[in-house]
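Colleague:
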Amino acid sequence: MDITLQKSKIVNRNSDITITGSKSESNRLLLLQALYPELKINNLSNSDDTLVMSEALRSPSHNIDVHHAGTAMRFLTAFFSTQKGREVVLTGSYRMQERPIHILVDALQQLGAAITYEKTQGYPPIKITGKEFTKYKVTLKANVSSQYISALMLIAPKLKNGLELTLKGEITSVPYINMTLSLLNQIGVETSFNENVIIIKPALQNLISKTITVESDWSSASYYYSIVALSDVGTAIKLSAYKQNSLQGDSVLAKIYKAFGVETTFNEESIILKKTSDANNNLLIKLDLSNAPDIAQTIAVTCLGLGIGCELSGLHTLKIKETDRLEALKTEIEKFGTQVTITEDALKISNITPLKENVSVNTYNDHRMAMAFAPLALKIGFKVNDATVVSKSYPNYWEDLQKIGFSLNEF
-19 MDITLQKSKI VNRNSDITIT GSKSESNRLL LLQALYPELK INNLSNSDDT
31 LVMSEALRSP SHNIDVHHAG TAMRFLTAFF STQKGREVVL TGSYRMQERP
81 IHILVDALQQ LGAAITYEKT QGYPPIKITG KEFTKYKVTL KANVSSQYIS
131 ALMLIAPKLK NGLELTLKGE ITSVPYINMT LSLLNQIGVE TSFNENVIII
181 KPALQNLISK TITVESDWSS ASYYYSIVAL SDVGTAIKLS AYKQNSLQGD
231 SVLAKIYKAF GVETTFNEES IILKKTSDAN NNLLIKLDLS NAPDIAQTIA
281 VTCLGLGIGC ELSGLHTLKI KETDRLEALK TEIEKFGTQV TITEDALKIS
331 NITPLKENVS VNTYNDHRMA MAFAPLALKI GFKVNDATVV SKSYPNYWED
381 LQKIGFSLNE F
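For the sequence shown, our numbering assigns the number -19 to the initial residue and increments by one for each residue that follows.
(1) Mind the definition here: the segment 133 to 146 touches the segment 189 to 206 only if three or more C-beta pairs lie below 8 Å; say whether that holds.
(2) Tell me whether the segment 98 to 115 and the segment 56 to 65 touch, counting them as touching only if at least three CB pairs, one residue from each stretch, are closer than 8 Å.
(3) Would DSSP call F297 helix, strand or coil?
(4) Below 8 Å on the Cβ atoms is my guess for T278 versus A326; work out the distance and round it to an integer in Å.
(5) Pull up the distance between the alpha-carbon of S4 and that of N338, whole angstroms please.
(6) Beta-carbon separation of L396 and I332 under 9 Å?
(7) So what does DSSP say about T215, is it helix, strand or coil?
(8) How many whole angstroms separate the CB atoms of I192 and I21, which I take to be in contact at a CB cut-off of 8 Å?
(9) By how many angstroms is the C-alpha of A234 removed from the C-alpha of N186?
(10) Would you give the residue range spanned by the beta strand (DSSP E) that D45 belongs to?
(11) Given a cut-off of 9 Å, decide if I217 and L253 are closer than it, judged by their beta-carbon atoms.
(12) Applying the criterion that 16 or more other CB atoms from any shown protein chain within 10 Å of the CB defines a buried residue, is I188 buried or exposed?
(13) Compare the C-beta of N26 with all C-beta atoms of chain C and state if any pair is closer than 9 Å.
(14) Return yes when the Cβ of L263 is within less than 9 Å of the Cβ of E291, no when it is not.
(15) Distance, Cα to Cα, A209 vs T245?
(16) According to the Cβ coordinates, are I300 and R79 closer than 9 Å?
(17) Between the alpha carbons of G415 and E243, how many angstroms are there, rounded?
(18) Return the CA-CA distance between L398 and A354, expressed in angstroms with no decimal places.
(19) Excluding five sequence neighbours on each side, which residues of the same chain lie with their C-beta closer than 6 Å to the C-beta of Q90?
(20) What does DSSP give as the partner residues of S(-5) in its beta bridges?
(21) Closer than 6 Å by C-beta to D346: which residues in its own chain qualify, once you throw out the five before and the five after it? Chain order, please.
(22) Specify, as a first and last residue, the run of the beta strand (DSSP E) that V154 falls within.
(23) Helix, strand or coil for K238 per DSSP?
(24) Within 10 angstroms of its Cβ, does G149 collect 16 or more other Cβ (buried), or is it exposed?
(25) With DSSP as the reference, identify every bridge partner of C290, one or two as the case may be.
(26) Checking the sheet assignment: what are the DSSP bridge partners for N22?
(27) Decide if D230 is buried, meaning its Cβ has at least 16 other Cβ atoms within 10 Å, or exposed.
(28) DSSP on A49, reduced to helix/strand/coil?
(29) Leaving aside the five residues before and after K138 along the sequence, list all residues of the same chain whose C-beta is less than 7 Å from its C-beta, in chain order.
(30) From the DSSP output, which residues share a beta bridge with V118?
(31) Just grab the DSSP bridge partners of T414 for me.
(32) Quick check on G168: buried or exposed, where buried means 16 or more other Cβ atoms within 10 Å of its Cβ?
(33) Within 10 angstroms of the Cβ of V370, are there 16 or more other Cβ atoms? Answer buried if so, exposed if not.
(34) Quick one: grab the DSSP three-state call for F393.
(35) From I83 to L120, what does the alpha carbon distance come to, in whole angstroms?
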C-alpha cells in the first residue's frame, strides 16, 4: 500500500497518543521468558518484530524464518545455540541474508556453539545445533551492533559458568547494553560491567515469579517530537506510557529536541511534548548519535523541514540495518532539493533549499524511513511508497497520525 500525504496541520493541539511497549525491551524479555517461563510481561510491543520473535520462540519447526526482523535473528541465533538437542535452520528475507551475522556466530563458537552457514559464509541462513556450553570467556569488538552483545548477555544466566565478555575498543550503543543488564538485574541475575568487561553470573535455577511492565517505545516517540518541532508554537502532544529514568537510549530525544523548541514534561506515566519557541534558522545541529542511531533519520528530516543544517555522526551501524540507512537518507532527502553528504558513519545537511513538491519517497523495506519522513507533511504534500512497512515496529502509525490531523489517502 502506498500513501499520499496532503499538506496537513495539527487540528488537535492537545492530542493524546498511547504507544505500545518498546520493541527493544519486549524482545529481550521474550527471550528471558523462554529461559525462565515464570516471568510475566505486560505491555508487550505490538510490532511485527516482536510478533516474529514470539512465534519463533514457540515454534517447534526445524525451519525458522524471521523475515526482516534483525533483532530476532541475532537473539534467536544465541538462544537456539543453547537448546541442547534441538536443530534449527534460521533464515530471513532477501535483505536479511545480506546482513552479516559472522561476528555473533564467531563469538558463540568461542563458547562452543555448533553453527554452520547454509549458503554464504558469514550470512544467514545458518544451521544451529543446540548444545551445552562449558566455556564462558569470549572477546568481541566493542564497536559492533549492540544486539550481538545483548544476544550473548541474554543467554548467559543459563550457561553453566555464566559469561565473561571482553569488549575490545570503543563501545557503541552503551544504553542498549545497559538496558539488557538492567532487565537481567530485575529478574534477579547478578551482573557487573567494569571498563570493557561484562560479567554475568549463572542463574540456573528458576527465578522467583516476577512481572515486568515494558515501557513504551522511545523510538516511536521520536516521530512526535519531529511533528511538534515542525508545528506552530503552542502545539502539544501527550504520549503514554513513559518514564523519566528510562532504560532506552532514545530517551535522549527530550534533551536533543530542546534545540528545536520542544519542551518535554514528565508526568507519572506520560510525557507532554510542547512547542514553546521556534528554532533559530541559523542553527547547525551537531550530534554524536553513537548511543542512539535509530533516531538519526527522524532528526535529519526534522532539520530538512525546518531548514536547519545538521552534522550527525556515530552512525556506522546504520549501514547494516533494514537498508543502508545513510544511502537511503541521502537519496530520499535529495529528492526534496537539498544536497546531503555522507561518509561511512556520518551525515551532513547544509544549504537547505525550499522543499520540492510532488516527491515520492521510497521506504526500502525500512519502517523508519516511512515514519521519519511523514512529519514533513506539515510543510508539504508528498507520497510514501510501501507505507505498510511501518508494521515492523508501529502498526497503528498512520491511524494515529490521522487522529492528530494528518490528511492521507491510501492506494
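Even for Gly, the Cβ is constructed at its ideal location relative to N, Cα and C.
Modeller: Walking through what the data contain:
(1) No, the segment 133 to 146 does not touch the segment 189 to 206.
(2) Judged by Cβ distances under 8 Å, the segment 98 to 115 makes contact with the segment 56 to 65, as three or more pairs qualify.
(3) Within the sequence shown, numbered from 1, the residue matching residue 297 stands at position 317. Note on residue identity: the sequence assigns Thr, not Phe, to residue 297. It is helical.
(4) The residue labelled residue 278 in the question sits at position 298 within the sequence shown. The residue labelled residue 326 in the question sits at position 346 within the sequence shown. Between A326 and T278 the Cβ distance is about 16 Å, and since that is not below 8 Å, they are no contact.
(5) As a first step, residue 4 must be located in the sequence shown, where it is residue number 24. As a first step, residue 338 must be located in the sequence shown, where it is residue number 358. Computed Cα separation, rounded: 35 Å.
(6) An answer regarding residue 396 cannot be provided, because it is not within the stretch -19 to 391 covered by the chain.
(7) Here residue 215 refers to the residue found at position 235 when the sequence shown is read from its first residue. DSSP, reduced to helix, strand and coil, places T215 outside both helices and strands of the structure shown, so it counts as coil.
(8) Residue numbering aside, residue 192 sits at position 212 when the sequence shown is read from its first letter. Residue numbering aside, residue 21 sits at position 41 when the sequence shown is read from its first letter. Contact between I192 and I21 holds, since their C-beta atoms are separated by about 6 Å, short of 8 Å.
(9) By one-based count along the sequence shown, residue 186 stands at place 206. By one-based count along the sequence shown, residue 234 stands at place 254. Cα to Cα, N186 sits roughly 38 Å from A234.
(10) Counted from its first residue, the sequence shown places residue 45 at position 65. For D45, the uninterrupted beta strand (DSSP E) run begins and ends at N43 to D45, by DSSP.
(11) For the purposes of this step, residue 253 is taken as residue 273 along the sequence shown, with counting starting at 1. For the purposes of this step, residue 217 is taken as residue 237 along the sequence shown, with counting starting at 1. In this structure, L253 places its C-beta atom within 9 Å of the C-beta atom of I217.
(12) Stepping through the sequence shown from its first residue, residue 188 is reached at position 208. So I188 ends up on the exposed side.
(13) Judged by its chain identifiers, the structure shown contains no chain C, having just a single protein chain.
(14) Position 311 of the sequence shown, counted from the first residue, corresponds to residue 291. Position 283 of the sequence shown, counted from the first residue, corresponds to residue 263. For E291 and L263, no; Cβs fall outside 9 Å.
(15) Locating residue 209 in the sequence shown gives position 229, counting from the first residue. Locating residue 245 in the sequence shown gives position 265, counting from the first residue. Distance between the alpha carbons of A209 and T245: 15 Å.
(16) Within the sequence shown, the letter at position 320 stands for residue 300. Within the sequence shown, the letter at position 99 stands for residue 79. Yes. Within cutoff.
(17) This structure leaves residue 415 out entirely; the chain is present only between -19 and 391.
(18) The requested residue 398 does not occur in the structure, where the chain is confined to residues -19 to 391.
(19) As a position in the sequence shown, residue 90 is number 110, starting the count at 1. Excluding positions up to five away in sequence, the list reads V118.
(20) Mapped onto the sequence shown, residue -5 falls at position 15. Under DSSP, S(-5) forms a beta bridge with I217.
(21) Here residue 346 is taken as the residue at index 366 of the sequence shown, counted from 1. The residues are E302 and T303.
(22) Numbered from 1 along the sequence shown, position 174 holds the residue referred to as residue 154. Careful: V154 lies outside any beta strand (DSSP E), inside the alpha helix (DSSP H) at V154 to Q166.
(23) On the sequence shown, residue 238 is found 258 positions in, with the first residue counted as 1. Here K238 carries a helix assignment [DSSP, helix/strand/coil].
(24) Counting from 1 along the sequence shown, the entry for residue 149 is found at position 169. Answer is exposed; the Cβ neighbour count stays below 16.
(25) Position 310 of the sequence shown, counting from 1, holds the residue named residue 290. In DSSP, C290 forms a bridge with I265 and I329.
(26) Here residue 22 corresponds to residue number 42 of the sequence shown, with the count starting at 1. DSSP, once it has assigned bridges, lists T193 as partnering N22.
(27) For the purposes of this step, residue 230 is taken as the residue at position 250 of the sequence shown. Under the 10 Å beta carbon count, D230 is surrounded by 16 or more other beta carbons and is classified as buried.
(28) Translated into positions along the sequence shown, residue 49 becomes position 69. Reduced to three states, the DSSP call for A49 is coil.
(29) By 1-based counting over the sequence shown, the position of residue 138 is 158. Excluding sequence neighbours, K138 sits near L15, T62 and L184.
(30) Position 138 of the sequence shown, counting from 1, holds the residue named residue 118. Beta-bridge pairing links V118 to L145.
(31) Nothing in the structure corresponds to residue 414, since the chain is present only between -19 and 391.
(32) Here residue 168 corresponds to residue number 188 of the sequence shown, with the count starting at 1. Its Cβ having fewer than 16 others within 10 Å, G168 is exposed.
(33) Taking the first residue of the sequence shown as position 1, residue 370 is located at position 390. Looking at its Cβ environment, which holds 16 or more other Cβ atoms inside 10 Å, V370 is buried.
(34) Residue 393 is absent from the model: the chain starts at -19 and stops at 391.
(35) Here residue 83 refers to the residue found at position 103 of the sequence shown. Here residue 120 refers to the residue found at position 140 of the sequence shown. Their Cα atoms are separated by approximately 8 Å.
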